[in-house]
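Down below is the structure, laid out as structure tokens.
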Amino acid sequence: MVYYLIICRSLTYAQRTAQVLERVGIPGWVQRSPKLISKEGCGYCVRIPERRLTDALTVLRRENMAPKQVFLQAADGEYSEVKS
Amino acid sequence: MIYLDSAATTLEKPGAVPRASAWAMTHLASPGRGGHAPGMGAAKLMYQMREQAARLFGVSDPERVVLTCNATHGLNIAIHSLVRPGGTVVISGYEHNAVTRPLYAIPGVKVKEAAGPLFDSDGVYAAFEREVTADVDAVVCNHVSNVFGFIQPVERIAQLCRARGVPLIVDASQSAGTLSVDLEGWGASFVAMPGHKGLYGPQGTGLLLCGGDARPLLYGGTGSLSARQDMPDFLPDRLEAGTHNVCGAAGLLAGMKFVSRTGAVRIHRHEQALARRMMDRLERVPGVSVFRGGENQSGLCSMTIGGMDCEEMGEALARRGIAVRAGLHCAPLAHQTAGTQDTGTVRLSFSAFNRQDQVDRAAAVIRELAGTAKQ
Numbered sequence: 054m055v056y057y058l059i060i061c062r063s064l065t066y067a068q069r070t071a072q073v074l075e076r077v078g079i080p081g082w083v084q085r086s087p088k089l090i091s092k093e094g095c096g097y098c099v100r101i102p103e104r105r106l107t108d109a110l111t112v113l114r115r116e117n118m119a120p121k122q123v124f125l126q127a128a129d130g131e132y133s134e135v136k137s
Numbered sequence: 066m067i068y069l070d071s072a073a074t075t076l077e078k079p080g081a082v083p084r085a086s087a088w089a090m091t092h093l094a095s096p097g098r099g100g101h102a103p104g105m106g107a108a109k110l111m112y113q114m115r116e117q118a119a120r121l122f123g124v125s126d127p128e129r130v131v132l133t134c135n136a137t138h139g140l141n142i143a144i145h146s147l148v149r150p151g152g153t154v155v156i157s158g159y160e161h162n163a164v165t166r167p168l169y170a171i172p173g174v175k176v177k178e179a180a181g182p183l184f185d186s187d188g189v190y191a192a193f194e195r196e197v198t199a200d201v202d203a204v205v206c207n208h209v210s211n212v213f214g215f216i217q218p219v220e221r222i223a224q225l226c227r228a229r230g231v232p233l234i235v236d237a238s239q240s241a242g243t244l245s246v247d248l249e250g251w252g253a254s255f256v257a258m259p260g261h262k263g264l265y266g267p268q269g270t271g272l273l274l275c276g277g278d279a280r281p282l283l284y285g286g287t288g289s290l291s292a293r294q295d296m297p298d299f300l301p302d303r304l305e306a307g308t309h310n311v312c313g314a315a316g317l318l319a320g321m322k323f324v325s326r327t328g329a330v331r332i333h334r335h336e337q338a339l340a341r342r343m344m345d346r347l348e349r350v351p352g353v354s355v356f357r358g359g360e361n362q363s364g365l366c367s368m369t370i371g372g373m374d375c376e377e378m379g380e381a382l383a384r385r386g387i388a389v390r391a392g393l394h395c396a397p398l399a400h401q402t403a404g405t406q407d408t409g410t411v412r413l414s415f416s417a418f419n420r421q422d423q424v425d426r427a428a429a430v431i432r433e434l435a436g437t438a439k440q
């Protein structure tokens, strides 16, 4: 499976992000940010299905919650940053 | 026992409060410290608690709800965020030591008192109008006096502060859970409150609602940006170093749900009615002086008894199974303003769980004790 990881500044912010997405029917799972992409140390992100990224970014921008960074988690486990 | 000391701590809690705290003790771990189920369960609970508080107290963003140890902790953060050595602060004449001591501890702070007569809302407001000038760094005011139940005109004071561009800190220790507390409506920089009084949570909990930038009082791990040595610049992490009191937060959430379900206005009316019933009875007792306001008095009653030390009265009532608070109530300034610094008062304060028959029983015992006072 391929996912997008929306990197959040804090756990509470990640929870709020997931809540905003869920309100419009986009499933979001709060999880720890992988160490490889979490350059400043511990952090949390919201994982969303691949096909919902565009909708998610639109909703988050509308709520003034534009993400810090977004990563693609490929099926082989590799991460690559995507322009959000 | 008849417990009439809810202005200090509500003792009888909704059943869900101890159940929630006990459950959290063995089922929830540390929020923000792991991705496992007990950690994420704790994170979910903390977020629910912040959301519940945000709904109750006019905060649009749950991140601006910070869990503290008590109201004093929150007030210390707020004061240290806004007041620098040598600064100028305006406070009301009814402040608690939770405000005056942190101010006293900052070198060179000039404290101006906006003191008006007891239960004179217009007089208090006029005093703030005089004292709040452009050079003032912050205004600190309690919503309700913990000694007399005087509801201060906070909405008007907030409006004044907004108009004059002065940051406002509100101590909602005696109003959270009974009166409308509205961080964003007031435009306040901070509102601090305890969890263990009118919100029916456990001791060791409190909330700080942040309308402005805050400086940490504690430094340490937050579970975020851990590769950096400076504290995160975002809330709530900036003010929540170290492991959270998750068990306390669980109880506090249950307490806030109780307040929400019951209705703060209903609780306020109930407590106010009990206080008035008590005052009606005590005013008929020879030698007893009751400090009585009108609609601007919350659900508590303060009194003195001629010829009897207030602490002796408190002790005598305790021996008869009636729990009250006597003395200066950690608020010598309020007593000074009201002219009771030499005598102190006996304070009887109520909660949603007190009943009329308890008021009548306590009043009867006070009448009996007052009869033994030296005249």
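Order-wise, the sequence lines are chains A and B. Just so we're aligned: 87 in the numbering used here is position 34 of the first sequence, and the numbers increase by one with no gaps anywhere. Just so we're aligned: 77 in the numbering used here is position 12 of the second sequence, and the numbers increase by one with no gaps anywhere. By construction, the Cβ of each residue, glycine as well, lies at the ideal position given by its N, Cα and C atoms.
Helix, strand or coil at residue i [DSSP, three-state]
i: cysteine 98 of chain A; result: strand
i: phenylalanine 122 of chain B; result: coil
i: leucine 50 of chain B; result: Nothing about residue 50 of chain B can be reported from this structure: the residues present for chain B run from 66 to 440 only.
i: phenylalanine 356 of chain B; result: strand
i: aspartate 236 of chain B; result: strand
i: serine 367 of chain B; result: strand
i: threonine 133 of chain B; result: strand
i: alanine 428 of chain B; result: helix
i: phenylalanine 323 of chain B; result: helix
i: isoleucine 332 of chain B; result: helix
i: isoleucine 144 of chain B; result: helix
Beta-carbon proximity list for residue i, same chain, < 6 Å, skipping 5 on both sides
i: glycine 260 of chain B; result: Gly266, Thr270, Gly271 and Leu317
i: arginine 280 of chain B; result: His145 and Ser146
i: methionine 90 of chain B; result: Cys312
i: threonine 133 of chain B; result: Gly139, Gly271 and Leu273
i: serine 86 of chain B; result: Pro267, Cys312, Ala315 and Gly316
i: glutamate 196 of chain B; result: Val155, Lys177 and Ala179
i: cysteine 201 of chain B; result: According to the sequence displayed, residue 201 of chain B carries valine and not cysteine. For valine 201 of chain B, where only same-chain residues beyond five positions count, the Cβ hits under 6 Å are Thr153, Val155 and Val231.
i: proline 167 of chain B; result: Asn141 and Ile144
heavy atom of the ligand MG below 6 Å from residue i C-beta
i: proline 232 of chain B; result: Summarising the ligand content, the structure contains no ligands, and the ligand MG is consequently not present.
Minimum C-alpha distance to residue i - residue among the options
i: threonine 308 of chain B; options: B:Ala89, B:Asp70, B:Thr74 and B:Ala94; result: B:Ala94
i: glycine 81 of chain A; options: A:Pro102, A:Leu64, A:Ala128 and A:Gly94; result: A:Pro102
i: glycine 276 of chain B; options: B:Gln224, B:Pro218, B:Ala143 and B:Leu132; result: B:Ala143
i: leucine 282 of chain B; options: B:Glu305, B:Ser291, B:Ser289 and B:Arg293; result: B:Glu305
i: glycine 436 of chain B; options: B:His394, B:Leu347, B:Asp407 and B:Ala170; result: B:Leu347
i: glutamine 84 of chain A; options: B:Thr91, B:Gly252 and B:Met105; result: B:Met105
i: tyrosine 68 of chain B; options: B:Ile387, B:Ile431 and B:Thr405; result: B:Ile387
i: glycine 286 of chain B; options: B:Arg98, B:Ala73, B:Val131 and B:Asp70; result: B:Arg98
i: arginine 76 of chain A; options: A:Lys88, A:Glu116, A:Thr65 and A:Ile90; result: A:Glu116
i: lysine 109 of chain B; options: A:Ser91, A:Met54, A:Ala67 and A:Lys88; result: A:Ala67
i: phenylalanine 323 of chain B; options: B:Ala72, B:Ser71, B:Pro79 and B:Thr74; result: B:Pro79
i: arginine 227 of chain B; options: B:Ala241, B:Thr198, B:Val246 and B:Ser238; result: B:Thr198
i: alanine 319 of chain B; options: B:Glu116, B:Gly100 and B:Ala73; result: B:Glu116
i: valine 154 of chain B; options: B:Leu132, B:Lys177 and B:Ala107; result: B:Lys177
i: glutamate 433 of chain B; options: B:Leu382, B:Arg390, B:Ser414 and B:Ile234; result: B:Leu382
i: glycine 372 of chain B; options: B:Ala438, B:Ala315 and B:Leu393; result: B:Ala438
i: aspartate 236 of chain B; options: B:Pro297, B:Arg229 and B:Val209; result: B:Val209
i: phenylalanine 299 of chain B; options: A:Cys61, A:Ser133 and A:Ser137; result: A:Cys61
i: alanine 203 of chain B; options: B:Pro150, B:Leu183, B:Ser186 and B:Val189; result: B:Pro150
i: isoleucine 79 of chain A; options: A:Lys88, A:Val135 and A:Ala109; result: A:Ala109
i: threonine 74 of chain B; options: B:Arg229, B:Asn211 and B:Pro301; result: B:Asn211
i: alanine 163 of chain B; options: B:Gly288, B:Val174 and B:Ala257; result: B:Ala257
i: alanine 329 of chain B; options: B:Phe122, B:Ala81 and B:Trp251; result: B:Phe122
i: threonine 402 of chain B; options: B:Tyr169, B:Pro297, B:Val189 and B:Ala107; result: B:Val189
Paired residues, beta bridge with residue i - DSSP
i: aspartate 298 of chain B; result: Aspartate 298 of chain B pairs with nothing; no bridge assigned.
i: arginine 221 of chain B; result: None, per the DSSP bridge assignment.
i: glycine 392 of chain B; result: B:Thr410
i: aspartate 70 of chain B; result: B:Ser414
i: serine 133 of chain A; result: A:Leu125
i: leucine 58 of chain A; result: A:Arg100 and A:Phe124
i: alanine 241 of chain B; result: B:Leu244
i: phenylalanine 215 of chain B; result: B:Gln362
i: isoleucine 79 of chain A; result: Its beta-bridge partners do not exist; DSSP assigns none.
i: methionine 373 of chain B; result: B:Ile370
Interface flag, residue i vs chain E, CB-CB below 7 Å
i: glutamate 128 of chain B; result: Absence of chain E from the displayed structure is noted, the protein chains being A and B.
Cβ shell of residue i (< 8 Å), same chain only, five flanking positions each side left out
i: valine 73 of chain A; result: Val112, Leu113, Glu116 and Met118
i: methionine 66 of chain B; result: Gly386, Ile387 and Ala388
Sequence-distant residues of its chain with Cβ nearer than 7 Å to residue i (five each side left out)
i: proline 397 of chain B; result: Gln406
i: methionine 344 of chain B; result: Val355, Arg357 and Cys366
i: valine 350 of chain B; result: Ile431, Arg432 and Ala435
i: aspartate 70 of chain B; result: Ala388, Val389, Arg390 and Ser414
Requested in this report: Can you check the stretch 83-131 of chain A for any alpha helix (DSSP H) of at least 4 residues that lies completely inside it and give the ranges in chain order?
Outcome: Taking 4 residues as the minimum length, the alpha helix (DSSP H) runs contained wholly in the stretch 83-131 of chain A are 106-115, in order along the chain.
Note down, one range per segment and in chain order, each beta strand (DSSP E) of at least 3 residues found wholly within the stretch 248-293 of chain B. 255-259 and 271-275
Notebook entry, point to check: What runs of the alpha helix (DSSP H), each 4 residues or longer, lie entirely inside the stretch 154-208 of chain B?
Noted result: 162-170 and 186-196
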